[in-house]
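Trainee: Going down the list, the sequences are from chains A and B. Counting in UniProt numbering, the first sequence runs from 1 upward without gaps. Counting in UniProt numbering, the second sequence runs from 1 upward without gaps. Every residue, glycine too, gets a C-beta built ideally from N, C-alpha and C. These numbers were taken from a predicted model, which means no experiment stands behind them. Let me begin by handing over the structure; questions about it come next.
There are 2 protein chains.
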Amino acid sequence: MNQEIKSQLQSIVGDRWMMDSPNELYVYSYDATPLYQAMPDAVVMPGNVEEVAAVLKVANQYRIPIVSRGSGTNLSGGTVPTEGGIVLVTNRLHTLHEVDQENLTATFGPGLITADLHREVEAVGLFYPPDPGSMRISTMGGNVAECAGGMRGLKYGVTKDYIMGIEAVLPSGEIVRFGGKNAKDVAGYDVTKLLVGSEGTLAVVTEITAKLLPLPPAKQTMVAYYQDLTSAARTVQRVIAAKIIPATMEFLDHATMAVVEDFARIGLPLDMKAMLIIEQDGTALQVEQDIARIAEICRSEGATEVRLAQTADEGAKLMAARRAALSALARVKPTTILEDATVPRANLATMVEQVDVIARRYDLQICTFGHAGDGNLHPTCLTDERDREEIHRVEQAFEEIFHAAIKLGGTITGEHGVGMAKAGFLDLKVGPSGMELMKRIKEAFDPHGIMNPGKIFAKSDRRRVVVKTHACTHEHNHA
Amino acid sequence: MNQEIKSQLQSIVGDRWMMDSPNELYVYSYDATPLYQAMPDAVVMPGNVEEVAAVLKVANQYRIPIVSRGSGTNLSGGTVPTEGGIVLVTNRLHTLHEVDQENLTATFGPGLITADLHREVEAVGLFYPPDPGSMRISTMGGNVAECAGGMRGLKYGVTKDYIMGIEAVLPSGEIVRFGGKNAKDVAGYDVTKLLVGSEGTLAVVTEITAKLLPLPPAKQTMVAYYQDLTSAARTVQRVIAAKIIPATMEFLDHATMAVVEDFARIGLPLDMKAMLIIEQDGTALQVEQDIARIAEICRSEGATEVRLAQTADEGAKLMAARRAALSALARVKPTTILEDATVPRANLATMVEQVDVIARRYDLQICTFGHAGDGNLHPTCLTDERDREEIHRVEQAFEEIFHAAIKLGGTITGEHGVGMAKAGFLDLKVGPSGMELMKRIKEAFDPHGIMNPGKIFAKSDRRRVVVKTHACTHEHNHA
């Protein structure tokens, strides 16, 4: 990128918010995904939608890649500037413009931290359910770009289910608005939902209107321990079949339990092979009834121990143990590769067994935990990226895991996105005609291909990894 | 369309399922929308996805318009073959393939009648919430094409919120599948949700997988009568502000009440100016508590009478009165034009007042009822299409109503779609850049523009109305 273009960027965002020193570029050369890293040519931090539009116009004119990002907690290499260009950081656009208590909506900039949104709306008795593992550092813009999930997906759905309106800037620099505060709106194609999960490949989202719910007045947490994982998986199916939809049904396998216990010292019984953490919310009475019925099902499916949290604090601690899983696993080996193969929930047990078989076949340490109620697994490989031979086996194993998920009616990614990491596998899920259609949709937004190039669609011939891969040392807190 | 092409169509679907006699074509020349009618060149009724694909290949090759439809209950002229061509009727694809009680999904063909889906899933204790007024005759394919709403949108959302997977045929004849039974799935762009509400302009949907919920065990219905509409609207806001989300909050203005009473004789008090019909579902206790609190709010906001249905049967009767609104209104004058301008619910009262002012200004009879909880109004003009002067005033009035809705942060259509009727107004909502973007999305699917041409995007120069407009006599049951 020549100095003339950099000067244009500087004049748009101001000197302070355009960076191009090697140290500054390095900071934006990676995200939370191991194995992917590349240097951008410049980093800009626009302060309003007009500046975003002006930056995109320059990028479009000179055909410069634009990689928009927030906190970079992405787990699919989606915010790594693999073709260089401009990293556009949206964190300055973090204003919560409004919590509308009559229409039950919140409107905010993409830089707003997810947990800050939670806190602000809960303060007035409202509720924004999606809670990705990274919520304390992730931005809502990132959540929208990836269609972030979390632990409450079973009952409450994912980010897409809450995004009602979007303001975005097209690569041409045009500012567009779709949706809004209307509970029903069928005016043309649903571009709002199309942008959710589009991974920065179509437009830069500059304002978001999200739907809120009343905050459930009560919540209770319980755990159940099992001697085998199949019983735990069967419990999940039985609870759903009993027409109870808990807010959360998480599971940890034995290996994950051991690592979490070692990390968090919360007294997990390590002679057990699996555990479920279940949370229900609603009115106090309903929660009590549901939890009692769930506990009964857990026992009838062979749970060795079922424990109800006696206080909110104890419940929060159990959930924190689950949330600590990735951090705990990340301590064990230099490289932690967290996947999110997902299957229809009835196939959960089969999928977990297949992950086990595949791990043994390739002689790898794969711990599995995740959102059991959603069929959303996180098989997590503890490895060392410096060991090229082992990394090769890891790649083979995950390829088999994706194939296994697809065979079970599942998908290659439940909540982390395609990014770089799964670009080579998308056709498994959507087929060649689906791939071509998605590429044409991409072109409809971005005819010159400047928006996050190389993501979603495999493009190995243009891959540009300019920094050697390195052990990932930044905070892990994302699953 | 020449005989050679017709022969090709016949050889694909069989003689019995290709029709081109004037009488048969006439049947498919209109839908439930007054003022729009045009003759197709042929009607085909394919029996499987391969036949749909083969028909589309022929149409694409010869650049013949394809208008896909089910029962034709459309209210925006969306299924009128305004440029001739082939009407592709999906009603033969009506099989309910599966109700999956473990994954809480149903998979079916687009020809399945909405109410049949309701009945089948409710028989096993499950629930598909969207309930458009036309549900006893509308098909699920039509519901998906229009993103149908209904009376339970406030708590349960609309069709889009339930469609998890789609099989569709592109204009090229390629068969594509997106989504599936996974609670979480972010593999590429969300083409599933993009197809929902795309009004037959992108692809022909040939199979649908929908999310189901557990059927709520209890339900209660109540009505509240008011001396003025503003108090009714304020009640709606107060209920939401009290963090109660009823399943249904419908309102009828005085004019609609009078017409419904004349039609259904259910004893509506005609000295009242407005009524709310409110339904809550859930567990018996929760329903009882919510209904009690709602009744209290109704009274404190000035409801003159609040009545709780004492039995399920009485509740069903009250709901039936609301469902009869359109049929009742349709009896009054030869032509009934039902609109669905929608605003954020907090602006409901303002919008209703503005509709009133506009009706008086143009000296028109406009009755208003609708989904108060969603801000989704149905201002309904009782007129006579043979009176060209009055129809001109109707058009002016509705144009003002759309402008008023947009000014209040609303939209031109909440649940009926853009079709022909609102194609000229879409830019009010999405702006010129949004229009251009939507046209490019359309081209990504349909480069030759054969899919339902003239719909969504105004194209007045190519409009082809080959049959004179006529009083609409077929069943009205759609709002």
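State the DSSP-derived secondary structure class of residue 21(A), mapped to helix, strand or coil.
Mentor: Position 21 of the first sequence, counting from 1, holds the residue named residue 21(A). DSSP places residue 21(A) in coil when its eight states are reduced to three.
Trainee: Around the C-beta of residue 71(A), are 16 or more other C-beta atoms found within 10 angstroms, so that it is buried, or is it exposed?
Mentor: Within the first sequence, the letter at position 71 stands for residue 71(A). Residue 71(A) comes out buried.
Trainee: When we look at the beta-carbon of residue 112(A) and count the other beta-carbons within 10 Å, is it buried (16 or more) or exposed?
Mentor: On the first sequence, position 112 is the one that residue 112(A) refers to. Counting Cβ neighbours within 10 Å, residue 112(A) comes out buried, since at least 16 surround it.
Trainee: Between residue 277(B) and the rest of its own chain, which residues show a CB-CB distance below 6 Å, the 5 nearest in sequence each way excluded?
Mentor: As a working note, residue 277(B) is residue 277 in the second sequence. If we look at residue 277(B) and ignore the five residues flanking it on each side, its Cβ neighbours are 223, 250, 318 and 322.
Trainee: Go ahead and pull the three-state DSSP assignment for residue 170(A).
Mentor: Taking the first residue of the first sequence as 1, we reach residue 170(A) at position 170. Residue 170(A) falls in the coil class under three-state DSSP.
Trainee: Is the CB-CB distance between residue 196(A) and residue 168(A) below 7 Å?
Mentor: Taking the first residue of the first sequence as 1, we reach residue 196(A) at position 196. Taking the first residue of the first sequence as 1, we reach residue 168(A) at position 168. No, they are not a contact pair.
Trainee: Select from 107(B), 418(B), 170(B) and 30(B) the residue whose C-alpha is nearest the C-alpha of residue 53(B).
Mentor: As a position in the second sequence, residue 53(B) is number 53, starting the count at 1. Selected option, being the one with the closest Cα: 170(B).
Trainee: Counting pairs of beta carbons, one from the region 28-45 of chain B and one from the region 67-84 of chain B, are three or more of them closer than 8 Å?
Mentor: They touch, by the three-pair rule.
Trainee: With distances taken Cα to Cα, identify the nearest neighbour of residue 212(B) among 177(B), 243(B) and 165(B).
Mentor: Here the question's residue 212(B) lines up with position 212 in the second sequence. That would be 165(B), whose Cα lies nearest to the Cα of residue 212(B).
Trainee: Taking a Cβ distance cut-off of 9 Å, strictly less, list which residues of the region 160-183 of chain B are near chain A, in chain order.
Mentor: Listed by position, the residues of the region 160-183 of chain B near chain A (Cβ gap below 9 Å) are 160, 161, 170, 172, 174, 175, 176, 177, 178, 179, 180, 181, 182 and 183.
Trainee: Please confirm if the region 179-195 of chain B is in contact with the region 261-281 of chain B, defined as three or more CB-CB distances below 8 Å between the two stretches.
Mentor: Taking 8 Å as the limit for Cβ pairs, the verdict is that the region 261-281 of chain B does not touch the region 179-195 of chain B.
Trainee: Can you tell which of 263(B), 148(B) and 18(B) has its C-alpha closest to the C-alpha of residue 44(B)?
Mentor: Residue 44(B) sits at position 44 when you count from the first residue of the second sequence. Checked all of 263(B), 148(B) and 18(B); the closest Cα to residue 44(B) is 18(B).
Trainee: Assign residue 231(A) to one of two classes, buried (16 or more other C-beta atoms within 10 Å of its C-beta) or exposed (fewer than that).
Mentor: In the first sequence, the residue the question calls residue 231(A) occupies position 231. Buried, by the Cβ-count rule.
Trainee: Counting only beta-carbon atoms, is residue 185(B) nearer than 7 Å to chain A?
Mentor: On the second sequence, residue 185(B) is found 185 positions in, with the first residue counted as 1. Yes, contact with chain A.
Trainee: On the premise that residue 334(B) lies in contact with residue 384(B), defined as a C-beta separation below 8 Å, what is that separation, rounded to the nearest angstrom?
Mentor: Locating residue 384(B) in the second sequence gives position 384, counting from the first residue. Locating residue 334(B) in the second sequence gives position 334, counting from the first residue. With 8 Å as the limit, residue 384(B) and residue 334(B) qualify as a contact, their Cβ atoms being about 5 Å apart.
Trainee: Would you please state the rounded distance, in angstroms, between the beta carbons of residue 12(A) and residue 41(A)? I believe it to be under 8 Å.
Mentor: Start at 1 with the first residue of the first sequence, and residue 12(A) comes out as number 12. Start at 1 with the first residue of the first sequence, and residue 41(A) comes out as number 41. Rounded, the Cβ-Cβ distance is 15 Å, inconsistent with contact.
Trainee: Under the DSSP definition of a beta bridge, which residues are partnered with residue 179(A)?
Mentor: Working through the first sequence from its first residue, we reach residue 179(A) at position 179. Answer by DSSP bridge pairing, in chain order: 165(A).
Trainee: Which residues does DSSP list as the beta-bridge partners of residue 60(B)?
Mentor: For the purposes of this step, residue 60(B) is identified with residue 60 of the second sequence, where counting begins at 1. BP columns for residue 60(B) are empty, so no partner.
Trainee: Nearest CA to the CA of residue 176(A): which residue from 440(B), 450(B) and 435(B)?
Mentor: Start at 1 with the first residue of the first sequence, and residue 176(A) comes out as number 176. With distances taken between Cα atoms, residue 176(A) lies closest to 435(B).
Trainee: Does chain B have any CB closer than 7 Å to the CB of residue 478(A)?
Mentor: On the first sequence, residue 478(A) is found 478 positions in, with the first residue counted as 1. Legend: pLDDT at residue 478(A) = 41, less than 50; position of this residue unreliable, value from coordinates given subsequently. No, residue 478(A) does not count as interfacial toward chain B.
Trainee: For chain B, find out if any of its Cβ atoms is closer than 7 Å to the Cβ of residue 311(A); answer yes or no.
Mentor: For the purposes of this step, residue 311(A) is identified with residue 311 of the first sequence, where counting begins at 1. No, residue 311(A) does not count as interfacial toward chain B.
Trainee: Using DSSP's beta-bridge definition, name the partner residues of residue 219(B).
Mentor: Here residue 219(B) corresponds to residue number 219 of the second sequence, with the count starting at 1. Answer is 281(B), bridged to residue 219(B).
Trainee: Can you list the residues of chain B that residue 83(A) reaches, using a CB-CB cut of under 7 Å?
Mentor: Position 83 of the first sequence holds residue 83(A). Those within 7 Å of residue 83(A) in chain B number zero; the least Cβ separation is about 20 Å.
Trainee: Leaving aside the five residues before and after residue 315(B) along the sequence, list all residues of the same chain whose C-beta is less than 6 Å from its C-beta, in chain order.
Mentor: On the second sequence, residue 315(B) is found 315 positions in, with the first residue counted as 1. Correct list, in chain order: 221 and 309.
Trainee: Could you name the residues of the region 114-140 of chain B whose beta carbon sits closer than 9 Å to any beta carbon of chain A, in the order they occur along the chain?
Mentor: Of all residues in the region 114-140 of chain B, 125 and 126 have a Cβ within less than 9 Å of some Cβ in chain A.
Trainee: Taking the alpha carbon of residue 330(B) as the point to measure from, which residue in 117(B), 255(B) and 292(B) has its own alpha carbon closest?
Mentor: For the purposes of this step, residue 330(B) is identified with residue 330 of the second sequence, where counting begins at 1. Considering only alpha carbons, the answer is 255(B).
Trainee: Mind checking the region 434-453 of chain A against chain B and listing, in chain order, the residues whose C-beta falls within less than 9 Å of any C-beta there?
Mentor: Of all residues in the region 434-453 of chain A, 434, 435, 436, 437, 438, 439, 440, 441, 442, 443, 444, 445 and 447 have a Cβ within less than 9 Å of some Cβ in chain B.
Trainee: Indicate the three-state DSSP secondary structure (helix, strand or coil) for residue 416(A) in the structure shown.
Mentor: Your numbering for residue 416(A) matches position 416 in the first sequence. Three-state DSSP puts residue 416(A) in coil, outside helix and strand.
Trainee: Rounded to whole angstroms, what is the Cα-Cα separation between residue 240(A) and residue 7(B)?
Mentor: If you number the first sequence from 1, residue 240(A) lands on position 240. If you number the second sequence from 1, residue 7(B) lands on position 7. Whole-angstrom Cα-Cα distance: 51 Å.
Trainee: Measure how close the beta-carbons of residue 155(B) and residue 247(B) come, nearest whole angstrom, since I'm counting them as under 8 Å.
Mentor: As a first step, residue 155(B) is located in the second sequence; it is residue number 155 there, counting from the start. As a first step, residue 247(B) is located in the second sequence; it is residue number 247 there, counting from the start. That pair is a contact at about 5 Å.
Trainee: Regarding residue 86(A) and the ligand GDP, is the C-beta to nearest heavy atom distance less than 6 Å?
Mentor: Absence of the ligand GDP from the depicted structure is noted, as is the absence of any ligand whatsoever, leaving it without description.
Trainee: According to DSSP, simplified to helix, strand and coil, what is residue 374(B)?
Mentor: Residue numbering aside, residue 374(B) sits at position 374 when the second sequence is read from its first letter. Correct three-state label for residue 374(B): helix.
Trainee: Using a Cβ-Cβ cut-off of less than 8 Å, list which residues of the region 231-244 of chain B approach chain A; keep chain order.
Mentor: Result list: 237, 240, 241, 243 and 244.
Trainee: In the DSSP assignment, what residue or residues form a beta bridge with residue 308(B)?
Mentor: What you label residue 308(B) is simply residue 308 of the second sequence in a count that begins at 1. Answer is 222(B), bridged to residue 308(B).
Trainee: As a quick exercise: from 268(B), 379(B), 160(B) and 51(B), pick the residue whose alpha carbon is nearest that of residue 145(B).
Mentor: Position 145 of the second sequence, counting from 1, holds the residue named residue 145(B). When each option's Cα is compared against that of residue 145(B), the closest is 160(B).
Trainee: Taking C-beta to C-beta, are residue 417(A) and residue 199(A) nearer than 7 Å?
Mentor: The count along the first sequence starts at 1 and reaches residue 417(A) at position 417. The count along the first sequence starts at 1 and reaches residue 199(A) at position 199. The answer is yes: Cβ separation under 7 Å.
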